[in-house]
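Trainee: Quick one: structure below, then a few questions.
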Amino acid sequence: MKDLNNLFEKAKPFVEKGGKFHWLYSTYEAFYAFCFVSKNTSKSGTHIHDYIDLKRTMSIVVIALLPALLFGMYNVGYQHFGAAGMLNSTDFFKIFLFGFLKVLPIIVVSYVVGLGIEFLFAQLRGHQVNEGFLVTGLLIPMIMPVNVPLWMVAVATAFSVIFVKEVFGGTGMNVWNPALVARAFLFFAYPAHMSGDSAWISVSGIEKLADGFTGATPLAQAITAETANAPIPVDFWNSFTGLIPGSIGETSTIAILIGALILIFTGIGSWKIMLSTLGGGIVMALIFNIFGGNNTYMTMPFWNQLVIGGFAFGTVFMATDPVSSAQTERGKWIYGFLIGVLAILIRVINPAFPEGMMMAILLMNTFAPLIDYIVVQGNIKRRMKRSKIIA
Amino acid sequence: MLKTFKIGGIHPAGNKLSAGKPIEKLPLPKIVFIPIAQHIGAPAKPIVQIGDKVKAGQLIAQAGGFVSANIHSSVSGTVKKFAPAPDSGGYPKQCIVIEREGDEWEESILNKEENGDALDSKTIIDRIKQAGIVGMGGATFPTHVKLMPPPGKKAEILIINGVECEPYLTADHRLMLEKGEEIIKGIHLLMKALNVKKSCIGIENNKQDAIKHLTELTSGDPEVTVVPLKMKYPQGGEKQLINAITGREVPSGALPIETGAVVSNVGTTFAVYEAVLKNKPLFERVVTVTGKRLSKPSNFLVRIGTPIKELIEAAGVSSIEGGKVICGGPMMGRAVNSTDIPVSKGTSGVLLLPEEESKRGQEQDCIRCGRCITVCPMGLEPYLLATVSLKKQWDVAEEHNVMDCIECGSCSFTCPTNRPLLDYIRQGKKNVGGILRARKIKKQ
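Chains R and E are the protein sequences, given in the same order. Take 36 as the starting number for the first sequence in our numbering and just add one per residue. Take 50 as the starting number for the second sequence in our numbering and just add one per residue.
Right, here's the structure in full:
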């Protein structure tokens with residue numbers, strides 16, 4: 036650690052104002068801040084500060100994502116060897132290693148492209164590089180199908196970082212969740228690679244597929260099942276544990292729940308948003324159960340709705356993204372509830388969009404500032420009323 | 050379930066280093082600088098001349114109006130000069146400088162306490178006024194003004210503030226442990242002055258010994274109850290404490306008396322006891338001197354006007370290089386640039402904070418996490434107030450009730466992007482306050 040510090044100290048004269056490489060200062064500062072704590076002290080206002088800062092916030096989200104990511108890697112291998120009918124003859128590490136090697140390139144591409152652009156923009160503008168992309172760069176691979184071509188990941192990442200984040204002013208200024216926009220971009224630009232039966236399971240190198248193999252996700256199966264008599268495509272416990280086809284990090288509700296606990300316990304993810312999204316989803320699913328027609332999707336009990344697709348992942352990691360969500364207390368409840376309602380509504384009513392969660396969150400991201408505005412105006416009125424009673 | 054205030058609040062680390070240290074008398078200073086404005090309101094008018102001999106407890110400056118307070122000499126000696134000395138805000142304030150000779154007290158100060166049963170409300174308030182007592186929690190609002198509610202308003206309950214929610218500070222805690230009986234007597238005097246029959250002492254749960262001690266002392270007393278409170282900053286704020294104990298909310302822009310509650314700090318209550326029953330004016334107070342670099346964090350009984358460097362030296366530090374000196378607690382206290390500033394009636398602590406502890410990270414863009422809203426004890430939107438203050442949109446700031454801010458600093462404390470929200474909001478408050486005053490004058 037000391038050597039590293041010395042290195043930074045040595046490099047400092049070159050990048051400071053007047054130094055040879057002064058234009059590299061923001062890059063220097065970014066690496067320094069990543070390795071050490073910044074050196075300024077308070078002058079006025081409060082003299083002490085909570086231990087939480089942006090860096091720690093982001094690190095904790097990354098930690099919370101790890102269970103879902105590791106499980107996702109295992110599941111990629113599991114689905115592959117399952118498709119080949121070789122599950123019984125393959126050991127755990129081989130399965131994991133297969134998935135690891137499949138997922139790793141996507142993560143690397145996402146980070147390299149995203150961070151590259153962030154550094155470039157920070158450099159051009161003379162800003163600092165924020166830690167925000169550490170999370171976005173991990174979220175993007177986790178909501179991709181495993182068979183997505185790497186160049187698409189690169190294009191989508193570049194699109195979302197430039198047009199969703201940097202154009203609006205960087206970390207904290209974006210209206211939408213960048214990771215979800217990357218996903219939405221691919222969904223509309225290259226639908227063939229983002230849906231259908233071939234996107235979700237890596238079947239490359241398999242000579243003969245196992246009998247009864249479909250490759251479709253539970254969501255897709257639910258849509259194609261036409262009558263209520265058709266069996267629910269995947270049973271609750273399989274979806275809950277997550278050994279089903281789907282986007283890399285989204286399948287396992289239990290791994291996501293571990294992440295959710297980490298976020299709630301550290302106070303980083305808003306439990307209000309998570310709870311109200313859950314509530315909204317349950318309410319909408321119940322409405323369909325009671326009033327809906329008789330296709331499988333509408334009659335599907337709500338607990339099944341909650342564990343399939345991106346609902347759990349979106350609730351815990353996407354809806355709670357502070358930048359794009361509502362920030363007032365009451366706003367958070369409204370925002371989350373509407374996401375839950377819309378996600379189930381879109382997913383059930385419009386079979387062309389199996390992933391209603393993505394749409395729902397992006398839509399509510401758009402309305403979050405409006406929700407906040409209404410809540411804040413309401414607060415003013417309430418305070419005014421209170422003082423009038425007295426006067 | 051322990052009581053606490055309803056909205057917002059934070060949990061900074063307690064760091065009550067000096068909680069176990071009994072109150073000690075600080076050796077008397079050679080020279081004292083007694084500011085003539087130690088309270089909210091008009092400065093007092095000096096009534097002594099240069100060269101006059103004074104005794105400790107002698108009136109040296111008279112209240113300059115209704116909202117003002119008398120000032121007494123804290124030592125016996127000679128008035129040397131009238132000179133400005135910096136206060137904790139950094140601005141020079143006029144002081145009466147007295148060189149000490151011996152320690153002779155005014156004869157009217159009693160050694161034994163008088164029986165206070167026969168005193169009526171008016172006498173008690175009058176004695177408090179004579180003794181120059183102000184709110185000793187830091188706000189320094191003259192106590193006699195507080196005890197005379199405006200016409201039409203009636204006090205129903207007296208709340209004694211033993212919360213001491215600022216980290217590090219322990220002066221009130223020690224006072225409750227060592228002067229419990231006197232404080233209870235002070236409470237009864239205040240109740241009599243206000244003509245109320247009910248009183249609650251709010252103490253945070255981290256001071257179990259004080260809760261136990263005062264509960265025992267008040268066990269046979271139907272009028273006074275000790276209310277243990279859940280730990281949460283800023284519970285010691287007047288509005289927060291009223292909310293925690295009575296459940297009532299002080300309306301925007303109104304005084305606490307609107308809720309029928311009058312709040313008094315334990316330090317003030319002790320001073321009231323001494324003033325009324327011992328005829329002793331307010332010229333010394335308990336000050337916590339603390340910090341992790343001090344070899345002996347302490348609670349000192351200090352004469353008003355003592356330069357804080359004498360306190361720091363007595364607590365075991367000779368040099369203050371490489372850190373910050375703060376008058377008050379780490380949340381609301383003020384960093385000072387000189388250790389020559391004198392202790393005043395509102396100085397509850399002197400804190401030496403090492404550099405590592407007072408880190409303020411690089412300010413970044415808001416990530417709209419809403420933590421500041423969650424912690425704001427006044428239910429405001431700090432992020433919004435800070436933004437509009439930065440943009441100088443004073444009308445918007447006023448509309449969003451910027452004047453309700455109590456400057457507790459919870460928002461700055463919690464902001465993950467290190468935005469000095471309180472600094473910005475203070476700017477807004479100052480400007481909006483000016484606009485409001487100008488409007489009032491125009492109206493008249």
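Every residue, glycine too, gets a C-beta built ideally from N, C-alpha and C.
What do you get for E:His60, buried or exposed, if any count of 16 or more other CB atoms within 10 angstroms of its CB means buried?
Mentor: exposed
Trainee: Buried or exposed, going by whether 16 or more other CB atoms sit within 10 Å of the CB of E:Glu213?
Mentor: buried
Trainee: Quick check on E:Gln493: buried or exposed, where buried means 16 or more other Cβ atoms within 10 Å of its Cβ?
Mentor: By the neighbour-count definition (other C-beta atoms within 10 Å, threshold 16), E:Gln493 is an exposed residue.
Trainee: For the candidate residues E:Glu156, E:Gly372, E:Pro271 and E:Leu226, whose alpha-carbon lies nearest to that of E:Leu402?
Mentor: E:Gly372
Trainee: Measure the alpha-carbon distance for R:Lys129 versus R:Ile141 and round it to whole angstroms.
Mentor: Taking the straight line from one Cα to the other gives about 19 Å.
Trainee: Would the segment 142 to 152 of chain R count as touching the segment 162 to 175 of chain R if we require 3 or more Cβ pairs under 8 Å?
Mentor: yes
Trainee: May I ask you to list, following chain order, the residues of the segment 404 to 421 of chain R that have a beta carbon less than 8 Å from some beta carbon of chain E?
Mentor: Val411, Asn414, Ile415, Arg418, Met419 and Arg421
Trainee: Give a yes or no on whether 8 Å exceeds the smallest Cβ distance from E:Ala363 to chain R.
Mentor: At a cut-off of 8 Å between beta carbons, E:Ala363 makes no contact with chain R.
Trainee: What's the C-alpha gap between E:Pro277 and E:Leu66?
Mentor: 21 Å
Trainee: So, with DSSP's three-state summary, where would you put R:Pro102?
Mentor: DSSP places R:Pro102 in helix when its eight states are reduced to three.
Trainee: Identify, in the order they occur along the chain, each residue of the same chain with its Cβ nearer than 7 Å to the Cβ of E:Gln289, setting aside the five sequence neighbours on each side.
Mentor: Phe54, Pro283 and Pro426
Trainee: In the DSSP output, what is E:Leu350 paired with across the bridge?
Mentor: E:Lys74 and E:Val335
Trainee: Would a check of beta-carbon distances place R:Val196 closer than 8 Å to chain E?
Mentor: It does not; no Cβ of chain E falls within 8 Å.
Trainee: Quick check: what's the CA-CA separation for R:Phe194 versus R:Ala217?
Mentor: 7 Å
Trainee: Of all Cβ atoms in chain R, is any one closer than 8 Å to the Cβ of E:Pro199?
Mentor: no
Trainee: Flag E:Lys52 as yes if its beta-carbon sits less than 8 Å from any beta-carbon of chain R, otherwise no.
Mentor: no
Trainee: Between the segment 429 to 440 of chain E and the segment 453 to 462 of chain E, can you find at least three pairs of beta-carbon atoms closer than 8 Å?
Mentor: The segment 453 to 462 of chain E vs the segment 429 to 440 of chain E: in contact.
Trainee: Could you check if E:Ser268 is buried or exposed, using at least 16 other CB atoms within 10 Å of its CB as the buried criterion?
Mentor: exposed
Trainee: Less than 7 Å between C-beta atoms, sequence neighbours within five positions excluded: which residues of the same chain meet that for E:Ala105?
Mentor: Same-chain partners within the cutoff: Ser122, Ser123, Val124, Ser125, Asp152, Glu153, Trp154, Glu155 and Phe332.
Trainee: Entirely within the segment 390 to 423 of chain E and at least 3 residues each: give me those beta strand (DSSP E) ranges in chain order.
Mentor: 398 to 403
Trainee: Measuring alpha carbon to alpha carbon, tell me which residue in R:Thr350, R:Trp338, R:Met319 and R:Asn110 is nearest R:Gly277.
Mentor: R:Asn110
Trainee: Within its chain, find whatever has a CB closer than 6 Å to the CB of E:Asn480; leave out the 5 residues flanking it on each side and keep chain order.
Mentor: Beyond the five residues adjoining it in sequence on each side, E:Asn480 comes within less than 6 Å, by CB distance, of Trp443 in the same chain, given in chain order.
Trainee: Against chain E, does R:Ile141 count as a neighbour if the rule is that its beta carbon must be under 8 Å from one of theirs?
Mentor: no
Trainee: So if I threshold CB-CB distances at 7 Å, which residues from the segment 387 to 404 of chain E count as touching chain R?
Mentor: Leu402 and Glu404
Trainee: Buried or exposed for E:Phe115, going by 16 or more other Cβ atoms inside 10 Å?
Mentor: In summary, E:Phe115 is exposed, with fewer than 16 beta-carbon neighbours lying within 10 Å of its beta-carbon over all protein chains present.
Trainee: Does any CB atom of chain E fall closer than 8 Å to the CB of R:Gly205?
Mentor: yes
Trainee: DSSP on E:Lys478, reduced to helix/strand/coil?
Mentor: helix
Trainee: Taking three-plus beta-carbon pairs below 8 Å as touching, is the segment 302 to 310 of chain E in contact with the segment 92 to 101 of chain E?
Mentor: no
Trainee: Using DSSP with H/G/I as helix, E/B as strand and the rest coil, what is E:His121?
Mentor: E:His121 falls in the strand class under three-state DSSP.
Trainee: Assuming E:Thr127 is part of the alpha helix (DSSP H), what are its boundary residues?
Mentor: Careful: E:Thr127 lies outside any alpha helix (DSSP H), inside the beta strand (DSSP E) at Gly126 to Pro135.
Trainee: Looking at the structure shown, is R:Leu174 part of a helix, part of a strand, or coil, going by DSSP?
Mentor: Here R:Leu174 sits in helix by DSSP.
Trainee: Using the C-alpha atoms, what's the distance from R:Asp407 back to R:Arg417?
Mentor: 15 Å
Trainee: Quick check on this structure: which residue in E:Cys418, E:Val275, E:Lys478 and E:Val385 has the alpha carbon closest to the alpha carbon of E:Ala134?
Mentor: E:Val385
Trainee: In whole angstroms, what separates the C-alpha of E:Glu298 from that of R:Ile374?
Mentor: 34 Å
Trainee: According to the neighbour-count rule (16 or more other Cβ atoms, all chains shown, within 10 Å of its Cβ), is E:Gln257 buried or exposed?
Mentor: exposed
Trainee: Determine, using beta-carbon pairs with one atom in the segment 352 to 359 of chain E and one in the segment 79 to 91 of chain E, whether at least three such pairs fall under 8 Å.
Mentor: In this structure the segment 352 to 359 of chain E lies against the segment 79 to 91 of chain E, because at least three pairs of beta carbons, one per stretch, are closer than 8 Å.
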